[in-house]
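First to last, the sequence lines map onto chains A and B. The first sequence begins at -19 in the numbering used here and counts up one residue at a time. The second sequence begins at 293 in the numbering used here and counts up one residue at a time.
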Amino acid sequence: MIKILYFSSYREMLDCENEEIELPEDSMTISKLMQLLAERGDQWQVIFAGQLPVLAAINQEIVNADAIINNHDEIGFFPPVSGG
Amino acid sequence: MSNIKLFEQTFDPAIEISRLTGDNKAMGAIVSFIGTMRDINEGDEVSAMRLEHYPGMTEKSLEKIVDEAQQRWQLGDVSVFHRVGLINPGDPIVLVAVSSPHRGEAFEACEFIIDFLKTRAPFWKKEVLTNGERWVNERDSDQLAAQRWIDNNQSNS
């Protein structure tokens, strides 16, 4: 089981703050997980199929698309930041 | 020493700056940056702003930015305060305050911290306009400002 959190405009577009899913494999990359999410269609596809800039975090650290996700990890997906 | 805080309600930057002033007599310079909310953006009137963050990750990323600054410059105290939640025009959004024995390091460290905060820390602004709400996009100029420190570090080493 992994926990996925969505933030900002992507949270609104997906109408989903967070969810827990079973990893279909023991471990997978961020880009593979994004591909799975994109397969849900609609807004999921708009965000995760490469049309919008997506930042990813594993256990609250920003990572690249080839980073490996393991069971029990916390994943965050969000648009570029705009604080300060 | 560092003092990183997120505030649900407005805060007074002057109190923290005066604390830094009195705290450490070995420090000859205090530089602070206060970012406040503007009531206009891209030609539209903005009546309020909602600031979303990633609880836990936001604090960690601020600590990491401050750690980097402390490794790069000789600093005394570093304070980073940031608002979350509903913000009104004129309210402070962010305070970065840095003390150092000399002004050069204090100026550079303060600018470094705000530049990286703007591009690395998970905060998102949403503006409340007269006809609805809109998310604030990242700015290319902010990315360039942060990149400057990375380029500068590489050319020094």
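Where a beta carbon is used, it is the ideal one built from N, C-alpha and C, also for glycine. Just so you know, these numbers come straight off a predicted model, no measurement behind them.
Short CB-CB distance (under 7 Å) between residue i and chain B
i	result
glycine 64 of chain A	yes
phenylalanine -13 of chain A	yes
Residue i: first and last residue of the uninterrupted beta strand (DSSP E) it sits in
i	result
isoleucine 27 of chain A	Unbroken run through isoleucine 27 of chain A: none, as it is neither H nor E.
asparagine 295 of chain B	294 to 299
lysine 417 of chain B	415 to 421
proline 384 of chain B	384 to 392
methionine 341 of chain B	336 to 345
alanine 37 of chain A	35 to 38
alanine 321 of chain B	321 to 328
Range covered by the alpha helix (DSSP H) that runs through residue i
i	result
valine 358 of chain B	349 to 364
leucine 69 of chain A	Limits of chain A in this structure are -19 at one end and 64 at the other, which puts residue 69 of chain A out of reach.
glycine 396 of chain B	395 to 412
serine 11 of chain A	10 to 18
CB contact check: residue i to chain A, cutoff 7 Å
i	result
alanine 321 of chain B	no
proline 414 of chain B	yes
tryptophan 441 of chain B	no
lysine 410 of chain B	yes
lysine 417 of chain B	yes
valine 420 of chain B	no
glutamate 425 of chain B	no
glutamate 337 of chain B	no
glutamate 300 of chain B	no
Contact belief for residue i with residue j at Cβ below 8 Å, rounded distance in angstroms
i	j	result
isoleucine 49 of chain A	serine 7 of chain A	6 Å
glutamate 337 of chain B	leucine 421 of chain B	7 Å
leucine -15 of chain A	asparagine -2 of chain A	5 Å
leucine 354 of chain B	glutamate 397 of chain B	The pair is not a contact, with the Cβ atoms about 20 Å apart (cut-off 8 Å).
proline 4 of chain A	proline 33 of chain A	Not confirmed; about 26 Å, so no contact.
glycine 320 of chain B	proline 384 of chain B	That belief does not hold up - the Cβ atoms of glycine 320 of chain B and proline 384 of chain B are roughly 25 Å apart, past 8 Å.
alanine 401 of chain B	tryptophan 365 of chain B	5 Å
glutamate 344 of chain B	phenylalanine 57 of chain A	Contact flag wrong, Cβ pair sits at about 14 Å.
CB contact flag (residue i, residue j, <7 Å)
i	j	result
asparagine 324 of chain B	alanine 413 of chain B	The sequence shown places serine at residue 324 of chain B, rather than the asparagine named in the question. No, Cβ-Cβ distance for serine 324 of chain B and alanine 413 of chain B is not below 7 Å.
alanine 36 of chain A	isoleucine 1 of chain A	no
serine 371 of chain B	glutamate 308 of chain B	yes
lysine 352 of chain B	serine 62 of chain A	no
valine 386 of chain B	histidine 374 of chain B	yes
arginine 342 of chain B	leucine 378 of chain B	yes
tryptophan 441 of chain B	phenylalanine 404 of chain B	yes
leucine 312 of chain B	aspartate 369 of chain B	yes
glutamine 23 of chain A	leucine -6 of chain A	yes
glycine 327 of chain B	glycine 30 of chain A	no
isoleucine 38 of chain A	alanine 45 of chain A	no
methionine 329 of chain B	proline 381 of chain B	yes
alanine 437 of chain B	aspartate 407 of chain B	yes
threonine 411 of chain B	glutamine 446 of chain B	no
task: Taking only beta carbons into account, state which residues of the stretch 25 to 47 of chain A come closer than 7 Å to chain B, listed in chain order.
output: Ala37 and Gln40
- prompt: Going along the chain, which residues of the stretch 374 to 408 of chain B sit with their C-beta nearer than 8 Å to a C-beta in chain A?
  reply: His374, Ile385, Val386 and Ile406
task: Report the residues of the stretch -7 to 24 of chain A with a CB closer than 9 Å to any CB of chain B, ordered along the chain.
output: none
query: Taking a cut of 7 Å between CB atoms, which residues from the stretch 304 to 334 of chain B lie near chain A?
result: Gly327
query: Can you list, in chain order, the residues of the stretch 344 to 376 of chain B whose Cβ is nearer than 7 Å to any Cβ on chain A?
result: Glu344, Tyr346, Gly348, Met349, Lys352 and His374
- request: Determine which residues of the stretch 47 to 59 of chain A have a Cβ less than 8 Å from any Cβ of chain B, and write them out in chain order.
  value: Gly56, Phe58 and Pro59
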